[in-house]
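Asks: Going by my numbering, 51 is the number at position 10 of the sequence shown; the sequence numbering is gapless. Virtual Cβ for every residue (Gly too), placed ideally from N, Cα, C.
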Amino acid sequence: MGHTDTSIKAAAQMALLVDYFVELRASSPNGGRRSPTRSIENTAPLNVDTLSHIRASVREIKEYVDVESPGTVEPLPKDDAAVYDWCVRNTDWDDEALTRRRDALMYRQYLEHTILTGDAKIVRRHRCPGCGTLSLHWRRSAGSAVCRNRNCRTPDGLASTWTLAHLATAYITDQESRQRRAT
Ligand SMILES: [Zn+2]
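1) May I ask you to report which of helix, strand or coil DSSP gives Ser48?
2) Just the C-alpha distance for His167 and Ala209, rounded to the nearest angstrom, thanks.
3) Just list the beta strand (DSSP E) runs in the stretch 130-215, keeping only unbroken ones of 3 residues or longer that don't cross its boundaries, in chain order.
4) Label Ala52 either buried or exposed according to how many other C-beta atoms from any shown protein chain fall within 10 Å of its C-beta, with 16 as the threshold for buried.
5) Write down the C-beta distance between His178 and Arg191 rounded to the nearest angstrom, noting that I regard them as a contact closer than 8 Å.
6) Given that a residue counts as buried once 16 or more other Cβ atoms are within 10 Å of its Cβ, and exposed if not, what is Pro116?
7) Thr195: buried (16+ other C-beta within 10 angstroms of its C-beta) or exposed?
8) Hey, which residues come within less than 7 Å of ligand 1, measuring from Cβ to any heavy atom, in chain order?
9) Whole angstroms is fine: what's the gap from His94's alpha carbon to Leu146's?
10) Would you give the residue range spanned by the alpha helix (DSSP H) that Val99 belongs to?
11) Less than 8 Å between the C-beta atoms of Tyr148 and Gln54, yes or no?
12) Buried or exposed: where does Thr45 fall if 16 or more other Cβ atoms within 10 Å of its Cβ makes it buried?
13) Out of Ile163, Gly173, Thr132, Asp197, state which residue places its alpha-carbon closest to the alpha-carbon of Ser185.
14) Measure the CB-CB distance between Gly121 and Val99 and report whether it falls below 8 Å.
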């Protein structure tokens, strides 16, 4: 098996980012020395330009495989978006906990790529891990999702906020239990 639903999603968004970067670079009058700016500027959750985001994402996947599957001999693919299939191929365990962590990592990157390409509304399609309602909104300044349900509060009385990593883990865990119920 070379891919999962999550790796396909992550790869598609990565490809979109790569397209953005390559396209902007090509159209830049001074040979692409400036960072990509277009829609990314308004929604970027992280203070990095697209290329360094892509590089960091690939590096994170590579480091993950190095640690979890140290015997991997297959070299990293040249195509950045192919890194997720590569990851799945080289970490194809029969271990639920490991698979869940891997899929949550890829899904978190999928969310990051999606937000970076301008679609911060992606977080609204995820249920709040605190109250289970569709009340999440992306708060760019904080780089996290905040729940707008007034009854969903921290012990200090503040609005619940969630990192993308937390949302990703919640999503993958939920998917898993759905699949289990369906079989
Ligand atoms: Zn909530």
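Replies: Inspection of the coordinates gives the following:
1) Residue mapping note: residue 48 aligns to position 7 of the sequence shown, counting from 1. In this structure, DSSP gives Ser48 a helical state, which the three-state scheme calls helix.
2) Looking up residue 167 in the sequence shown gives position 126. Looking up residue 209 in the sequence shown gives position 168. Near 9 Å, if we compare the C-alpha coordinates of Ala209 and His167.
3) Along the stretch 130-215, the beta strand (DSSP E) occurs as fully enclosed runs of 3 or more residues at 177-180, 185-188, listed in sequence order.
4) Taking the first residue of the sequence shown as position 1, residue 52 is located at position 11. Burial state of Ala52 is buried, judged by a 10 Å Cβ sphere holding 16 or more other Cβ atoms.
5) The sequence position of residue 178 within the sequence shown is 137, counting from 1. The sequence position of residue 191 within the sequence shown is 150, counting from 1. About 13 Å separates the two Cβ atoms, so there is no contact after all.
6) Your numbering for residue 116 matches position 75 in the sequence shown. With fewer than 16 Cβ atoms within 10 Å of its Cβ, Pro116 is classed as exposed.
7) Within the sequence shown, the letter at position 154 stands for residue 195. Classification of Thr195: exposed, given that the 10 Å Cβ count is below 16.
8) Output, sorted by chain position: Cys169, Gly171, Cys172, Thr174, Ser176, Cys188, Asn190, Cys193, Ser201.
9) By one-based count along the sequence shown, residue 94 stands at place 53. By one-based count along the sequence shown, residue 146 stands at place 105. Between His94 and Leu146, the C-alpha separation is close to 15 Å.
10) Residue numbering aside, residue 99 sits at position 58 when the sequence shown is read from its first letter. For Val99, the enclosing alpha helix (DSSP H) begins and ends at 91-109.
11) On the sequence shown, residue 148 is found 107 positions in, with the first residue counted as 1. On the sequence shown, residue 54 is found 13 positions in, with the first residue counted as 1. In this structure, Gln54 does not lie closer than 8 Å to Tyr148 by Cβ.
12) Here the question's residue 45 lines up with position 4 in the sequence shown. Counting C-beta atoms within 10 angstroms of its own C-beta, Thr45 has 16 or more neighbours from the protein chains shown and is therefore classed as buried.
13) For this step, residue 185 is matched to residue 144 along the sequence shown. Comparing Cα-Cα distances from Ser185 to each of Ile163, Gly173, Thr132, Asp197, the minimum goes to Ile163.
14) Numbered from 1 along the sequence shown, position 80 holds the residue referred to as residue 121. Numbered from 1 along the sequence shown, position 58 holds the residue referred to as residue 99. Per the sequence presented here, residue 121 reads as Asp, with Gly not at that position. For Asp121 and Val99, yes; Cβs fall inside 8 Å.
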